[in-house]
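Note that our numbering numbers the sequence shown so that position 257 is 258, with each residue one more than the last.
Each residue gets a CB set at the ideal place from its N, CA and C atoms; glycine is no exception.
Bear in mind that the values here come from a model prediction, so they are computed numbers and not experimental data.
Working notes, beginning with the structure itself.
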Amino acid sequence: MVRLIRAGSFAWLFLLAIVIFRPYGDGYTFAAEPVEVRVRVLDDGRVTRHVTTARSVGAFLEEQGIELHPKDNLLSSPNRRIVDRLVIRIERAFYITLSVDDGEKQFKVAPNTTAGEVFNALQENAEVVLLFDGDEEELLDEESILAFTTWRSRIETTEDIIPYSSEVVTTSSLSMGVEEIRQEGVAGEHRVEAKIVYVGNEKYAREILEEVIVEPVSQIIYRGVGGELGTLTDTSCPSFNYVRRVTMNASAYTAGYSCTRRRPGDPGYRRTATGREVEHGIVAVDPNVIPLGTRLYVEGYGFALAADVGSAIRGYKIDLFMEYIGDAMIFGRREVTVFILD
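Structure below.
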């Protein structure tokens with residue numbers, strides 16, 4: 002029996018069934034046949050019509066094999082009951098173009114997505130900071146191109162070698178033409194640690210975090226000029242002619258502050274009383290005993306030239322110039338024989 006109940010001008014279908022009597026034991030069971038209804042699907046602007054017995058929107062989509070992407074919009078709840086002439090609307094996700102620095106890629110977005118929502122989603126998962134100058138309220142479509150620029154920084158360390166220089170010191174302690182490395186040269190280092198900021202693929206800023214400079218150590222080479230001021234010998238005396246021989250109390254001095262009270266840059270630094278630059282073989286004397294400009298041979302020191310004076314050098318005293326304070330300290334004070342040459 003089929004009964005249709007109407008209320009005013011509104012009719013609602015409560016029951017449409019064919020009663021089928023099936024014997025079961027001593028009685029009967031009753032089964033209602035599924036009701037077929039008409040459904041339209043508006044899928045991204047394309048309309049299809051269907052007849053279905055599914056009871057919910059979700060069951061209908063599964064029945065028809067209509068798949069949804071996670072970013073698609075289904076405008077009806079999957080749990081909504083199917084009724085006759087129901088329209089199921091689906092808005093499909095689509096791809097837009099993302100331009101990041103110089104590269105492009107496709108990115109799928111949901112309908113009604115704004116540029117700002119895409120920017121926020123990308124920034125949340127990006128390993129670098131993104132910059133966007135567009136309108137964040139813009140609604141996107143398949144023609145949209147969003148341009149982003151990356152902002153990143155990194156620490157860079159650069160190390161440059163500072164070559165050492167060579168300083169040549171002429172000395173009569175070596176024969177003419179003989180060279181001896183008195184101090185090995187050591188290269189210096191210039192190390193800079195800096196923070197480099199890149200915007201896109203261009204270097205935008207550089208901030209020095211630390212700068213270390215290790216000065217090089219000069220190589221010092223002794224070059225012999227034995228023909229000018231003689232050759233140092235402690236074991237044998239070279240052949241020469243002299244006019245007088247005297248015994249004197251010898252000391253040693255250097256060009257350093259402890260001996261001369263002058264530093265590099267001061268007037269008269271490394272200059273003798275006669276204006277000559279000091280070197281091994283220059284000695285200070287009392288001009289009343291040995292006139293300045295006299296050539297000498299000093300036992301244990303070598304050929305020398307009386308070219309300097311000193312406030313403490315009076316009488317039979319002689320002060321021998323040496324390049325290094327260590328050598329002067331080792332020499333100390335001692336009695337020496339001084340030969341006054343022709």
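For residue i, name the three-state secondary structure that DSSP assigns.
i                 : result
phenylalanine 375 : One cannot answer for residue 375 here, as it falls past the ends of the chain, which runs 2 to 343.
alanine 60        : helix
glutamate 125     : helix
threonine 261     : helix
glutamate 157     : strand
aspartate 320     : strand
glycine 117       : helix
isoleucine 67     : coil
valine 286        : strand
valine 299        : strand
threonine 151     : strand
isoleucine 314    : coil
threonine 54      : coil
isoleucine 291    : coil
tyrosine 96       : strand
glycine 104       : strand
glutamate 211     : strand
aspartate 343     : coil
valine 110        : strand
aspartate 309     : strand
glutamate 336     : strand
leucine 140       : strand
arginine 90       : strand
glutamate 203     : strand
serine 167        : strand
With a Cβ-Cβ cutoff of 7 Å, do residue i and residue j count as a contact?
i              : j              : result
threonine 49   : glutamate 37   : no
valine 88      : arginine 41    : yes
histidine 195  : glutamate 157  : Position check: residue 195 holds alanine in this sequence, whereas histidine was assumed. Yes. Within cutoff.
arginine 207   : isoleucine 214 : no
glutamate 216  : valine 193     : no
threonine 115  : glutamate 138  : yes
asparagine 80  : serine 57      : yes
methionine 323 : threonine 261  : no
arginine 346   : arginine 47    : Given that the chain is displayed from residue 2 to residue 343, the structure contains no residue 346 and the question cannot be resolved.
alanine 251    : leucine 342    : no
threonine 98   : isoleucine 146 : yes
asparagine 202 : aspartate 134  : no
Can you give me the start and stop residues for the beta strand (DSSP E) that residue i sits inside?
i             : result
tyrosine 254  : 243 to 254
glycine 327   : Run containing glycine 327: none in the beta strand (DSSP E); it sits in the alpha helix (DSSP H), 326 to 332.
isoleucine 83 : Here isoleucine 83 belongs to no beta strand (DSSP E), and DSSP marks it neither H nor E.
histidine 191 : 189 to 200
lysine 72     : Run containing lysine 72: none; DSSP gives neither H nor E here.
valine 36     : Per DSSP, valine 36 belongs to no beta strand (DSSP E) and is neither H nor E.
arginine 183  : 180 to 184
glycine 225   : 220 to 225
Going by DSSP, what residue range makes up the alpha helix (DSSP H) through residue i?
i           : result
glycine 46  : Glycine 46 -> no alpha helix (DSSP H), and no H or E assigned at all.
glycine 276 : Element bounds for glycine 276: n/a, residue is neither H nor E.
Using a Cβ-Cβ cut-off of 7 Å (strictly less than) and excluding sequence neighbours within five positions of residue i, which residues of its own chain qualify?
i              : result
tyrosine 25    : Confidence is the limiting factor: at tyrosine 25 the pLDDT is only 42, short of 50, which leaves the residue's position unreliable, though a coordinate-based value still follows. Excluding residues within five positions, none has a Cβ falling inside 7 Å.
methionine 249 : Tyr317, Lys318, Ile319, Val337, Val339
methionine 330 : none
glutamate 64   : Thr53, Ala55
histidine 191  : Asp161, Ile163, Ile214
leucine 293    : Thr275, Ala307, Ala308
aspartate 287  : Ile314, Arg315, Gly316, Lys318
tyrosine 325   : Thr255
arginine 335   : Ala251
lysine 204     : Ile197
Could you name the residues of the same chain whose beta carbon sits closer than 6 Å to that of residue i, not counting the 5 residues immediately before and after it, in chain order?
i                 : result
phenylalanine 332 : Ala253
glutamate 168     : Ser219, Ile221
valine 310        : Ala274, Ala285
arginine 363      : Residue 363 lies beyond the residue range present for the chain, which begins at 2 and ends at 343; the question has no answer from this structure.
arginine 183      : Ile221, Tyr223
glutamate 180     : Ile222, Arg224
glutamate 348     : For the chain, the structure presents residues 2 to 343; residue 348 sits outside this window and is missing.
arginine 264      : Tyr258
aspartate 328     : none
Between residue i and the ligand FAD, is there a pair consisting of the residue's CB and a ligand heavy atom that are separated by less than 6 Å?
i             : result
aspartate 328 : Among the ligands in the structure shown, none appear at all, so the ligand FAD cannot be discussed.
Could you pull out every residue in the same chain whose Cβ sits closer than 8 Å to the Cβ of residue i, ignoring the five residues on either side in sequence?
i             : result
valine 200    : Leu132, Thr150, Thr151, Trp152
glutamate 278 : Arg271, Arg272
leucine 69    : Leu62, Leu75, Ile91
proline 35    : Thr54
leucine 210   : Ile156, Glu194, Ala195, Lys196
So, does the CB of residue i fall closer than 7 Å to a CB anywhere in chain C?
i             : result
aspartate 328 : The structure shown contains no chain C; it is built from a single protein chain.
Does the region 159 to 168 come close enough to the region 143 to 150 to have 3 or more Cβ pairs within less than 8 Å? Verdict: no, contact absent.
Can you find at least 3 beta carbon pairs, one from the region 210 to 225 and one from the region 293 to 311, that sit closer than 8 Å? No, the region 210 to 225 is not in contact with the region 293 to 311.
The region 107 to 114 in contact with the region 81 to 98 per 3-pair CB rule at 8 Å: Counting Cβ pairs under 8 Å, three or more are found: they touch.
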